Every structure is written in C-alpha cells, then in structure tokens.
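**Student:** Read in order, the letters of the sequence shown are residues 1335 to 1565 in the numbering used here.
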Amino acid sequence: MRKEICLGGRVLVYEFTRKRVKNCNLRIRDDGSVAVSAPPRMPMEQVEGFLQQKQEFIWKAVGRMETQRAPRAAADGQEIPYLGAALRLHFEQGRRYGAQRTEGELYLTLPRADEEERRLAALERWEKEECRRVMTAALERVYPPFVSYGVPKPTLRFRSMRSRWGSCMPRKGVVTLNTQLLAHPLECGEYILIHELCHFLQADHSAKFYEWMDRFHPDWRERKQKLNRGK
Ligand SMILES: [Zn+2]
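Structure below.
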C-alpha cells in the first residue's frame, strides 16, 4: 500500500506492507524508493514515530541512491530525446567546453573528446544547463497565479534523479527538478512545476492538494499520463 508522511517539511512517499516481523523495517531501494514493513498489529502512529526518528538517515540515503548514475553512453552520432523530439549528438575536439544547438543537432566541444567519460560529463553539463534555461522560463509562465496565494517564487535546483520528477522544500523555498525532464515535452515539465508549487500550499497529496491542482492546472491529469507514458 502506498502511504505518505511529512518528514522535516518534505513529503516521503513509501510502500507499506504488514508482515510477520518483530519490528518495523525500513528499506531504501537502489532507485531511491522507500519500503517499510511492520508487524500486523503495530499501530500506524508507532510506524510513523519510527520514520520520524529515522528521517535524517532516510533523506540522506534517498538522496545518495537517487544521484547514482544509471550506466549511459555518449557516442558521436547518437540521438538523445529532447523536449519530446530528438537531438543528434556531435562531439568535437576543442580547447574548452562549448555547446551549440541547431535544429535537431547538438554540437559539444571539449578537450580529450576521444574519452567516453569526458563526453558523458560534457553531455550532462549541457543537460543541466539546458534544463535550467528551459525550466526557468517555464517557471515565469506558470508562477503568476500563485502570487496572490502568498507562494514565494522558488529557487530551482537541478539533479538527475531516478525515482522522482521533482521535490520541494517549502520552508527553504527550494524546488528540485529532475534534469531528465528535458527529454519530455515542455508541458510535462510545466506540470511538475505546478505540482511542486501546489506543495507550498499543501504539503501532502491529500484531497486538498488535488483541489489546488485542479484550480491551477485543470488538465494536469493528461499531462501526468503523457509524462508517465514517455518514461
Ligand atoms: Zn507531490
């Protein structure tokens, strides 16, 4: 069963199961998702108390797992998904890092372009910068209706994450976005931004949260489907 709990101002979504075990057990999977099991009769308050106690450990472990990179290649001529379309990659030897995008093509210049690891690092640098450019512009478009509800314009941070598209820390005014959003149509990134902005008004995914989503983004369900289909 999917459950959630607010730990230190951030919502943790976890998979909960009842088992014939003695104590509450916690497992952080390789992709950063969290599984919790508890004895059949342990009250939910006790389970939640256990998670509260472990919150520092949980967020650290989740962060570590999520940033572990999945194996990837960066070869000349390879195609990468870009905002619902595709870009063909070209690597060129040069004195320092440079990037240029034309219709359907991305040219990355770097020293030692013959080394796969350097090509991958250059590609990831470009993805992060491009995601920042695209999503900062998207924030300007989706943020205005939130002003009158007292939602501060968040600082955007970018990371490659394995199990979530975005997360937020309302108290710090920070929204972290998955750089892999760059692979999907822009409207999907906008949907994630609106989702995170709604968390400034409602921390969990209760009915109240979806009321806010309906207000700010009436067609969010279609965008969510689109994003998860393209995954
Ligand atoms: Zn959420």
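Glycine included, every Cβ here is placed at the ideal spot set by N, Cα and C.
In this text the structure is predicted, and so the values were computed from the model without any measurement.
Just the C-alpha distance for residue 1406 and residue 1472, rounded to the nearest angstrom, thanks.
**Tutor:** Indexing the sequence shown from 1 puts residue 1406 at position 72. Indexing the sequence shown from 1 puts residue 1472 at position 138. Taking the straight line from one Cα to the other gives about 27 angstroms.
**Student:** Between which two residues does the alpha helix (DSSP H) containing residue 1401 stretch?
**Tutor:** For the purposes of this step, residue 1401 is identified with residue 67 of the sequence shown, where counting begins at 1. First-last of the alpha helix (DSSP H) with residue 1401: 1389-1401.
**Student:** What separation, rounded to the nearest whole angstrom, lies between the Cα atoms of residue 1453 and residue 1395?
**Tutor:** Locating residue 1453 in the sequence shown gives position 119, counting from the first residue. Locating residue 1395 in the sequence shown gives position 61, counting from the first residue. Near 28 angstroms, if we compare the C-alpha coordinates of residue 1395 and residue 1453.
**Student:** Do the segment 1410-1417 and the segment 1351-1368 touch if we need at least three Cβ pairs shorter than 8 angstroms?
**Tutor:** No, because fewer than three Cβ pairs between the segment 1410-1417 and the segment 1351-1368 fall closer than 8 angstroms, the two stretches do not touch.
**Student:** Does residue 1341 come out as helix, strand or coil in the three-state DSSP assignment?
**Tutor:** Mapped onto the sequence shown, residue 1341 falls at position 7. Looking at residue 1341 - three-state DSSP - the assignment turns out to be strand.
**Student:** Out of 1487, 1447 and 1518, state which residue places its alpha-carbon closest to the alpha-carbon of residue 1505.
**Tutor:** Indexing the sequence shown from 1 puts residue 1505 at position 171. When only C-alpha atoms are compared, the closest one is 1487.
**Student:** Grab me the residues of residue 1446's own chain with a C-beta within less than 6 angstroms of its C-beta, minus the 5 sequence neighbours each way, in chain order.
**Tutor:** The residue you call residue 1446 lines up with position 112 of the sequence shown. Same-chain partners within the cutoff: 1452.
**Student:** Measuring alpha carbon to alpha carbon, tell me which residue in 1449, 1492 and 1544 is nearest residue 1461.
**Tutor:** The residue given as residue 1461 occupies position 127 in the sequence shown. Cα-wise, what sits closest to residue 1461 is 1492.
**Student:** Would residue 1425 be called buried (16 or more neighbouring beta carbons within 10 Å of its own) or exposed?
**Tutor:** To locate residue 1425, count along the sequence shown from 1; it is residue 91. Counting Cβ neighbours within 10 Å, residue 1425 comes out buried, since at least 16 surround it.
**Student:** Quick test of your reading: residue 1358 and residue 1384, contact by CB under 8 angstroms. State the CB separation rounded to the nearest angstrom.
**Tutor:** Position 24 of the sequence shown, counted from the start, is the residue given in the question as residue 1358. Position 50 of the sequence shown, counted from the start, is the residue given in the question as residue 1384. At roughly 4 angstroms, the Cβ-Cβ gap stays under 8 angstroms, so residue 1358 and residue 1384 are in contact.
**Student:** Taking the alpha-carbon positions, what's the residue 1470 to residue 1448 distance?
**Tutor:** Taking the first residue of the sequence shown as 1, we reach residue 1470 at position 136. Taking the first residue of the sequence shown as 1, we reach residue 1448 at position 114. Cα to Cα, residue 1470 sits roughly 33 angstroms from residue 1448.
**Student:** Could you tell me which residues DSSP puts in a beta bridge with residue 1434?
**Tutor:** Taking the first residue of the sequence shown as position 1, residue 1434 is located at position 100. Residue 1434 is bridged to 1441.
**Student:** Which whole runs of the beta strand (DSSP E) in the segment 1472-1527 are 3 residues long or more, in chain order?
**Tutor:** Segments of the beta strand (DSSP E) lying fully in the segment 1472-1527: 1489-1493, 1500-1503 and 1508-1512.
**Student:** Take residue 1557 as the anchor and find which of 1336, 1525, 1537 and 1495 has the nearest alpha-carbon.
**Tutor:** Numbered from its first residue, the sequence shown carries residue 1557 at position 223. Of 1336, 1525, 1537 and 1495, the residue nearest in Cα terms is 1525.
**Student:** Threshold first: 4 residues or longer. Then list the alpha helix (DSSP H) segments lying entirely within the segment 1355-1391, N to C.
**Tutor:** Listed in chain order, they are 1378-1387.
**Student:** Going by beta carbon distance, what residues of the same chain come within less than 6 angstroms of residue 1363, once the five residues before and after it are set aside?
**Tutor:** Mapped onto the sequence shown, residue 1363 falls at position 29. Counting only Cβ-Cβ distances below 6 angstroms, and skipping sequence neighbours, we find nothing.
**Student:** Residue 1354 and residue 1374 look like a contact to me (Cβ under 8 angstroms); what is the Cβ gap, rounded to whole Å?
**Tutor:** Position 20 of the sequence shown, counting from 1, holds the residue named residue 1354. Position 40 of the sequence shown, counting from 1, holds the residue named residue 1374. Residue 1354 to residue 1374, Cβ: 7 angstroms. Contact.
**Student:** Following the continuous alpha helix (DSSP H) through residue 1425, name the residue where it begins and the one where it ends.
**Tutor:** Your numbering for residue 1425 matches position 91 in the sequence shown. Careful: residue 1425 lies outside any alpha helix (DSSP H), inside the beta strand (DSSP E) at 1419-1427.
**Student:** State the Cα-Cα distance for the pair residue 1554 and residue 1499, rounded to the nearest angstrom.
**Tutor:** Position 220 of the sequence shown, counted from the start, is the residue given in the question as residue 1554. Position 165 of the sequence shown, counted from the start, is the residue given in the question as residue 1499. Cα to Cα, residue 1554 sits roughly 15 angstroms from residue 1499.
**Student:** To the nearest angstrom, report how far apart residue 1408 and residue 1450 are at their CA atoms.
**Tutor:** As a position in the sequence shown, residue 1408 is number 74, starting the count at 1. As a position in the sequence shown, residue 1450 is number 116, starting the count at 1. Going by the C-alpha atoms only, they are around 7 angstroms apart.
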